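Structure first, then comments.
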Amino acid sequence: MGHGTGTYNAGLDATAAELMRYREQYRDGAIDSSINAQPVEVYLYYARHERTRENTDTRPAPDAPWVALGKRLRGRADDIIPVPRMHPVASKAARTADTSAPINGGWRAIRETGTVHELTSMKGHSKNTSSDNTEETLTDSTQCSKSASTPDPLLTDQERETTYRLLRVASWQVIFYLITTDMLGWFTASKTFAQIGYGPGVLVYTGFFLFAFAGGQMLWRVYMNVDSEEFPVRSYADLGERTYGPPAKFLLNSLQALQLMFNVGMFIVLQGQALAQIINFRFCYVVLNVFFALAGMLITQIRTIRNMAWFSTVNVFINLTIMLITAVGVGLYDPVPGQSGHRDLSEPIKLFGWVPPGTDWHTQVAACLLAVFSYGGAMIFVEFIAEMRRPADFWKAALCAQFLCYATYMFFGLFGYSMQGQYSAILPTVNIANIVLQGVTNIIGMFCVFATMSLYAHIGCKLIYRVILRGYFRAPPLTTRRGGVYWAATVLVYYCLAWALGSAIPNINDINVIIGAVCALQFTFTFPPLLLLGHWMQVDAAAGDIPWEPGMEPYSNRVDAWGDWSRWKRSMVRWWFFKLLLLVQFLASLTLAGLGIYSGVRTARQSYSLGATTAYSCRAPGQPLP
Numbered sequence: 001m002g003h004g005t006g007t008y009n010a011g012l013d014a015t016a017a018e019l020m021r022y023r024e025q026y027r028d029g030a031i032d033s034s035i036n037a038q039p040v041e042v043y044l045y046y047a048r049h050e051r052t053r054e055n056t057d058t059r060p061a062p063d064a065p066w067v068a069l070g071k072r073l074r075g076r077a078d079d080i081i082p083v084p085r086m087h088p089v090a091s092k093a094a095r096t097a098d099t100s101a102p103i104n105g106g107w108r109a110i111r112e113t114g115t116v117h118e119l120t121s122m123k124g125h126s127k128n129t130s131s132d133n134t135e136e137t138l139t140d141s142t143q144c145s146k147s148a149s150t151p152d153p154l155l156t157d158q159e160r161e162t163t164y165r166l167l168r169v170a171s172w173q174v175i176f177y178l179i180t181t182d183m184l185g186w187f188t189a190s191k192t193f194a195q196i197g198y199g200p201g202v203l204v205y206t207g208f209f210l211f212a213f214a215g216g217q218m219l220w221r222v223y224m225n226v227d228s229e230e231f232p233v234r235s236y237a238d239l240g241e242r243t244y245g246p247p248a249k250f251l252l253n254s255l256q257a258l259q260l261m262f263n264v265g266m267f268i269v270l271q272g273q274a275l276a277q278i279i280n281f282r283f284c285y286v287v288l289n290v291f292f293a294l295a296g297m298l299i300t301q302i303r304t305i306r307n308m309a310w311f312s313t314v315n316v317f318i319n320l321t322i323m324l325i326t327a328v329g330v331g332l333y334d335p336v337p338g339q340s341g342h343r344d345l346s347e348p349i350k351l352f353g354w355v356p357p358g359t360d361w362h363t364q365v366a367a368c369l370l371a372v373f374s375y376g377g378a379m380i381f382v383e384f385i386a387e388m389r390r391p392a393d394f395w396k397a398a399l400c401a402q403f404l405c406y407a408t409y410m411f412f413g414l415f416g417y418s419m420q421g422q423y424s425a426i427l428p429t430v431n432i433a434n435i436v437l438q439g440v441t442n443i444i445g446m447f448c449v450f451a452t453m454s455l456y457a458h459i460g461c462k463l464i465y466r467v468i469l470r471g472y473f474r475a476p477p478l479t480t481r482r483g484g485v486y487w488a489a490t491v492l493v494y495y496c497l498a499w500a501l502g503s504a505i506p507n508i509n510d511i512n513v514i515i516g517a518v519c520a521l522q523f524t525f526t527f528p529p530l531l532l533l534g535h536w537m538q539v540d541a542a543a544g545d546i547p548w549e550p551g552m553e554p555y556s557n558r559v560d561a562w563g564d565w566s567r568w569k570r571s572m573v574r575w576w577f578f579k580l581l582l583l584v585q586f587l588a589s590l591t592l593a594g595l596g597i598y599s600g601v602r603t604a605r606q607s608y609s610l611g612a613t614t615a616y617s618c619r620a621p622g623q624p625l626p
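The sequence shown: position 510 = 510 (UniProt numbering), numbered continuously.
Dropping the structure here:
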């Protein structure tokens, strides 16, 4: 008995350490440098098998935290479907393991059986599992430990498959809340309508809703065709590299890092403006921004994000509550003239069915870019899909979340513009001439914005750490002591740069336009059709090749190369009309991006010339002149 226990513990420690190394390297992207360098037929082969395994997987998705709480309150705790976890002893061993060692072996062997097993059962795993059952569950791990001294990998193929499954547990309902949290930004809607009128405002928000939904579905379709256990897709940049090569990955990673940093800078400025309004501009504005940057540095020192479903759910409902309170204030009280660039309210409220007379073209483009930024959430859609138990259900989450955002934009945009007209402002929560409602909406809103800012900063720092520090400078894993020091320095530099960017352009409207044109528009409207076009061309070109199967060398099955006209002809002829539409959408989005960048820069210059914006100033935007 003693010998068996010792063998079990030794195998458990070894396997747990290997599991943790696998999970760490999976998230860091360090498992295989060639994972994105395979031909499309290899990805298609394994993706078909992966989708088949997912379709035959009858396990229910784990309950979201709020669903589990509801079951507990109703006395149905035994019905809770928990998140699969490692055995407690294994988990403890894994936490103390050296996660910096590389994993031997590859991912290439296809698992034809489709069998999925868990290290712990889905129900009753904590109370009703005996030691005998535990040893039976981990039999493979115990046997694997006997060869731990050999160079062969400690994890069997089945255990690697199990670990891959443990990382994918989110239901489409959880993803719905995550997408809504990422996208929902109703603040700018009334300002958009004020700049272009009722008709164009409705057309712009409706049109961009349809294109944003289509863009998300394009990303989802490409993901479903190239993701598998053998070649997992972890980020937007992975799709780009598998379609257009390493330069595309570099471009996408750079733009994603830039957008996240601009977002954090914008949130710092937003927090500073809200607090300045609450205290009636009695403190230096730029120092308030420094305060929020320092607070964000402390929060973002946490190196892991867990249980985001709770935050997402609460944030969505709080966000909608703030919108309703603001709508009540907008309907009952006068606007604050300084927030919209007016000296007083002497002019009667003016409403226009079409573009207001005298509105120049770059102001109209800027209004469109505000709507673009409102739908700019596709940047991290791929990360959301990668966390799902059933990625095929992503379309439900995307449709529900994006339609909810569209409905809130239409409601508040039309209502706010109807109540305030040309006095509509980019920050409606401070555009209410009632100090109580201002305080309530801003204090609650500051909490939501601060939490979102910390989340974006965390994602941005992780991206920089994974791509730059680990990829080019061989920084240690985040689970090590040295990794913690590197992480702290990364967060410090990140917030300093975000504060510098935000304080340099403290006008929220200008920041929204520039971010929307440079980054948000690209990830949601420009890149998806380009990725789908390239993917379809590769798939159609491969249709004339010999079918690829495991054991064949990559590219050995091809009858021609991209240097031959025959391959280009196959890639373009099939469904040529739809491919042409994708190309037109890509070029149109690229044109709008160019116009938006020019418009944003010109609008920012006008703000500086009129004195409405001053970089690194103690005077907040919208603050009344002395």
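Yeah, the Cβ is synthetic: ideal placement off N, Cα and C, and Gly gets one too.
These figures come from a predicted structure and were not determined experimentally.
Asked                                                                                                                                                                                        : Found
Starting from the C-beta of L583, find all residues in its chain whose C-beta is less than 7 Å away, skip the five residues before and the five after it, and write them out in chain order. : L533
Hey, K350 and G421 are a contact pair by Cβ (cut 8 Å); roughly how many whole angstroms apart?                                                                                               : 5 Å
List the residues that DSSP assigns as beta-bridge partners of M388.                                                                                                                         : A170
Would you mind reading off the limits of the alpha helix (DSSP H) that contains T363?                                                                                                        : W361 to S374
Just curious, the alpha helix (DSSP H) that R481 is in, first and last residue?                                                                                                              : R481 to A504
With 16 other CB atoms within 10 Å as the buried threshold, where does A407 fall?                                                                                                            : exposed
Run through DSSP, which three-state label would H49 get?                                                                                                                                     : helix
Are the beta-carbon atoms of A433 and D334 separated by less than 8 Å?                                                                                                                       : yes
Can you tell me whether E383 is helix, strand or coil according to DSSP?                                                                                                                     : helix
Whose CA, out of C368, R282 and A276, lies closest to the CA of T429?                                                                                                                        : A276
With respect to the alpha helix (DSSP H) encompassing A401, which residues constitute its N-terminal and C-terminal limits?                                                                  : F394 to Q420
Roughly how many angstroms lie between the CA atoms of P232 and A68, to the nearest whole one?                                                                                               : 29 Å
Do V449 and F267 have their C-beta atoms closer together than 8 Å?                                                                                                                           : yes
So the candidates are A593, P528, N557 and M388; which of them puts its Cα closest to the Cα of P60?                                                                                         : M388
Relative to the alpha-carbon of M323, which residue among G416, L469, A295 and D344 has its alpha-carbon at the smallest distance?                                                           : G416
Counting only the same chain and skipping the five closest in sequence on each side, list residues whose C-beta sits under 7 Å from that of P337.                                            : R343, D344, L345 and Y423
With three or more beta-carbon pairs closer than 8 Å as the criterion, would you say the stretch 483 to 490 touches the stretch 170 to 188?                                                  : no
Nearest CA to the CA of G377: which residue from G185, L463, I435 and M552?                                                                                                                  : G185
Can you tell me which of the three DSSP states S424 falls into?                                                                                                                              : coil
Would the stretch 577 to 596 count as touching the stretch 258 to 266 if we require 3 or more Cβ pairs under 8 Å?                                                                            : no
Which runs of the alpha helix (DSSP H) fall wholly inside the stretch 183 to 260 and span at least 4 residues, in chain order?                                                               : 189 to 196, 198 to 226 and 236 to 244
Would a C-beta distance cut-off of 8 Å place N263 and S503 closer than the cut-off?                                                                                                          : no
So what's P337 in DSSP terms, helix, strand or just coil?                                                                                                                                    : helix
Using DSSP with H/G/I as helix, E/B as strand and the rest coil, what is V559?                                                                                                               : coil
With a CB to CB cut of under 6 Å and the five nearest residues on each side skipped, what residues in its chain are close to residue 628?                                                    : It is not possible to answer for residue 628, since the shown part of the chain is limited to 1 through 626.
Taking the alpha-carbon positions, what's the I468 to H458 distance?                                                                                                                         : 15 Å
Once DSSP output is grouped into helix, strand and coil, what is the label at C618?                                                                                                          : coil
Compare the Cα-Cα distances from M419 to each of Y198, P39, A37 and Q38 and report the closest residue.                                                                                      : Y198
Which residues in the same chain have their Cβ closer than 6 Å to the Cβ of R558, if we skip the five residues on either side of it in sequence?                                             : D545
So, at 6 Å on beta carbons, what are the nonlocal neighbours of S171 in its own chain, with the 5 sequence-adjacent residues on each side left out?                                          : A61
On the premise that N315 lies in contact with A498, defined as a C-beta separation below 8 Å, what is that separation, rounded to the nearest angstrom?                                      : So it is not a contact: roughly 20 Å between Cβ atoms.
Among Y375, A386, A425 and N431, which one has its Cα closest to the Cα of C405?                                                                                                             : Y375
Cβ of N225 within 7 Å of any heavy atom in the ligand ADP?                                                                                                                                   : By its list of ligands, the structure shown contains no ligand whatsoever, and the ligand ADP lies outside what it can speak to.
Quick one: grab the DSSP three-state call for L351.                                                                                                                                          : coil
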